[in-house]
Amino acid sequence: LNIPQADARRLAGEDTFTPSPPDEDLSSRLAELLGEDRMPVDNHPLSIPPEFKPLGEMGIRPLAAPFWNYLVSRGYKFSDINWLVTAYRLHYATRGPYRYRLIIPVYDAEGQLKTWTARSVLPDEPLRYKTLPVQPREGYSGPLAACGPGSLLLGLPLLLRLPNPSVLVLCEGPFDAFRITALGRQYGVYGTCLFGLNVSDAQIALLERLMVRFKKLVLLLDPDQEFLPWQIQDALKPLPVQIGKLPEGVDDP
Numbered sequence: 069l070n071i072p073q074a075d076a077r078r079l080a081g082e083d084t085f086t087p088s089p090p091d092e093d094l095s096s097r098l099a100e101l102l103g104e105d106r107m108p109v110d111n112h113p114l115s116i117p118p119e120f121k122p123l124g125e126m127g128i129r130p131l132a133a134p135f136w137n138y139l140v141s142r143g144y145k146f147s148d149i150n151w152l153v154t155a156y157r158l159h160y161a162t163r164g165p166y167r168y169r170l171i172i173p174v175y176d177a178e179g180q181l182k183t184w185t186a187r188s189v190l191p192d193e194p195l196r197y198k199t200l201p202v203q204p205r206e207g208y209s210g211p212l213a214a215c216g217p218g219s220l221l222l223g224l225p226l227l228l229r230l231p232n233p234s235v236l237v238l239c240e241g242p243f244d245a246f247r248i249t250a251l252g253r254q255y256g257v258y259g260t261c262l263f264g265l266n267v268s269d270a271q272i273a274l275l276e277r278l279m280v281r282f283k284k285l286v287l288l289l290d291p292d293q294e295f296l297p298w299q300i301q302d303a304l305k306p307l308p309v310q311i312g313k314l315p316e317g318v319d320d321p
């Protein structure tokens, strides 16, 4: 599930005070128990596959029209979409395993592509998000992620070079962060996301780095997550994170 070992042990009902083995040791032990050899590590850098096309400006690529229309249907202005497409290097796919999905590349602080997640634009698609796998699996021969998105934060290269950083808003998913950034960037308010409802040690380290630039950190989750914001706030100590609250009747950022 791409969550920290301590969270996995807690969910399994195990004692979280017992030190967990490093991920590498655990993977080796699991492979040994299963009678398998360790999977070879692919050190080749990840790149955007040819079936992913840059979203570009409206009208440049006719096949991109449904993806633009999807963003418009979510309430974005054309000027906001143009900015988001450039800032987050958004792509789309009309064929392959990610067809009819808006591709959101995820980069590390140095601007290296590490993985991607893809949002379906089809209204009847049960799997809204599809993420590049980290480990090989039976029947899959495609590229592998260098790490799961839960080890990164959305828009790191952008957040580290902004001219006006003021408030960083930490959300659950990428579209929550897109909305915050689209509306707030003129005020120095930018969104990023955890790609889920857990915060990893790697994400905490990245937030510590970002808070050298930003003045304030606000955690903003959906209102149905009653106690989770307090748990994440506790995990983020000693960062000065505040818990934001959405207006009544607003379901998500």
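Just remember that our numbering sits 68 ahead of the position in the sequence shown, which is counted from 1. Even for Gly, the Cβ is constructed at its ideal location relative to N, Cα and C.
In this chain, the beta strand (DSSP E) harbouring residue 197 covers 197 to 199. For the set 306, 309, 290, the Cα lying nearest the Cα of residue 319 is the one of 290.
The count of Cβ pairs closer than 8 Å, one atom from the segment 230 to 240 and one from the segment 202 to 213, stays below three, leaving the stretches out of contact.
Annotation: residue 209 is outside any beta strand (DSSP E) and is labelled neither H nor E by DSSP. About 17 Å separates the Cβ atoms of residue 268 and residue 223, ruling out a contact at the 8 Å cut-off.
Shown here for residue 279: same chain residues with a beta carbon closer than 8 Å to its own, the five before and five after excluded, namely 236, 285, 307, 308 in chain order. For residue 310, DSSP records a beta bridge to 286. Counting only runs of at least 3 residues, the segment 167 to 243 fully encloses the following beta strand (DSSP E) elements, listed from N- to C-terminal order: 169 to 175, 181 to 188, 197 to 199, 235 to 239. Contact check for residue 176 and residue 226: beta-carbon distance about 13 Å, past the 8 Å limit, so the pair fails to qualify.
The shortest C-alpha to C-alpha distance from residue 201 to any of 165, 272, 303 is the one to 165.
Taking C-beta atoms as the reference points, residue 145 and residue 132 fail to come closer than 8 Å. Ranked by Cα distance from residue 277, the first of 252, 304, 295, 265 is 304. With respect to residue 134, residue 157 sits apart: the two C-beta atoms are not nearer than 8 Å. Listed in chain order, the beta strand (DSSP E) elements of length 3 or more contained wholly in the segment 120 to 174 are 120 to 122, 159 to 161.
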